[in-house]
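*Asks:* First residue of the sequence shown? That's 1008 in this note's numbering, and the numbers climb one at a time after it.
Just so it is clear, CB atoms sit at the ideal spot from N, CA and C, and this is done for glycine as well.
The structure's right below; bear with me while I get my questions together.
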Amino acid sequence: MECRVSWLGNGGMAFSAETGSGHLVNMDGAPEAGGRNLAPRPMELLLAGAGGCSAFDVVLILQRSRQAVSGCEVTLQAERATEDPKVFTKINLHFKIKGKDLDQGKVDRAVKLSHEKYCSATIMLAKTAELTYSIEVISE
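Below is the structure:
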């Protein structure tokens, strides 16, 4: 896996990343750090990546378990250290899983498997942060 990040210059703190799969993602800093708030912060993208990684796992596991899942939303709340490096110290992922006749046990198992075995992002972040999750099943 590779990625190329380039500073966009112009006196600001904006960067563009080109991923190995050929996609572009822009990032910017907060105004107090010289940015112009034109794109997400790099740490926000890291948090979003963790949510996306885990949601991907959960949906895939539920589909393979023959569950009629029709929606998956993950809301992440994170706390960071106050001193540099300002790593994540706590992250909570709240899953809202929607579907028809979903088996609560299979939903719980899917989220647990993601966090304990499959999601590289959350497993890596768990090295510095206390990870917790909660699950809400919404029936159609």
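With a 10 Å radius around its C-beta and 16 neighbouring C-beta atoms as the bar for buried, classify L1045 as buried or exposed.
*Replies:* L1045 is exposed by the Cβ-count criterion.
*Asks:* Using the Cα positions of W1014 and S1127, report the straight-line distance between them to the nearest angstrom.
*Replies:* Taking the straight line from one Cα to the other gives about 27 angstroms.
*Asks:* With a threshold of 16 other CB atoms inside 10 Å of the CB of T1129, please say whether the residue is buried or exposed.
*Replies:* Buried.
*Asks:* Hey, how far is the Cα of V1065 from the Cα of G1058?
*Replies:* Approximately 11 angstroms, taken between the alpha carbons.
*Asks:* Mind reading off the beta-carbon distance from L1069 to V1114? Whole number of angstroms is fine, and I expect it under 8 angstroms.
*Replies:* Yes, L1069 and V1114 are in contact; Cβ-Cβ is about 7 angstroms, under 8 angstroms.
*Asks:* When the Cα of S1072 is compared with those of G1042, K1093, A1117, which residue comes out closest?
*Replies:* For the residues G1042, K1093, A1117, the minimum Cα distance to S1072 belongs to A1117.
*Asks:* Name the DSSP beta bridge partners of N1033, please?
*Replies:* Answer is S1023, bridged to N1033.
*Asks:* Are the beta-carbon atoms belonging to E1147 and G1106 less than 8 angstroms from one another?
*Replies:* For E1147 and G1106, yes; Cβs fall inside 8 angstroms.
*Asks:* By the DSSP assignment, the alpha helix (DSSP H) with Q1070 in it spans what residues?
*Replies:* That run of the alpha helix (DSSP H) goes 1049-1071.
*Asks:* When the distance is taken between beta carbons, is A1062 closer than 8 angstroms to I1098?
*Replies:* No, these two residues do not count as a Cβ contact at 8 angstroms.
*Asks:* Can you tell me which of M1020, S1028, A1021 puts its alpha carbon nearest to the alpha carbon of C1010?
*Replies:* Nearest of M1020, S1028, A1021 to C1010, Cα basis: S1028.
*Asks:* Between the beta-carbon of L1100 and the beta-carbon of V1081, is there less than 8 angstroms?
*Replies:* Contact: yes.
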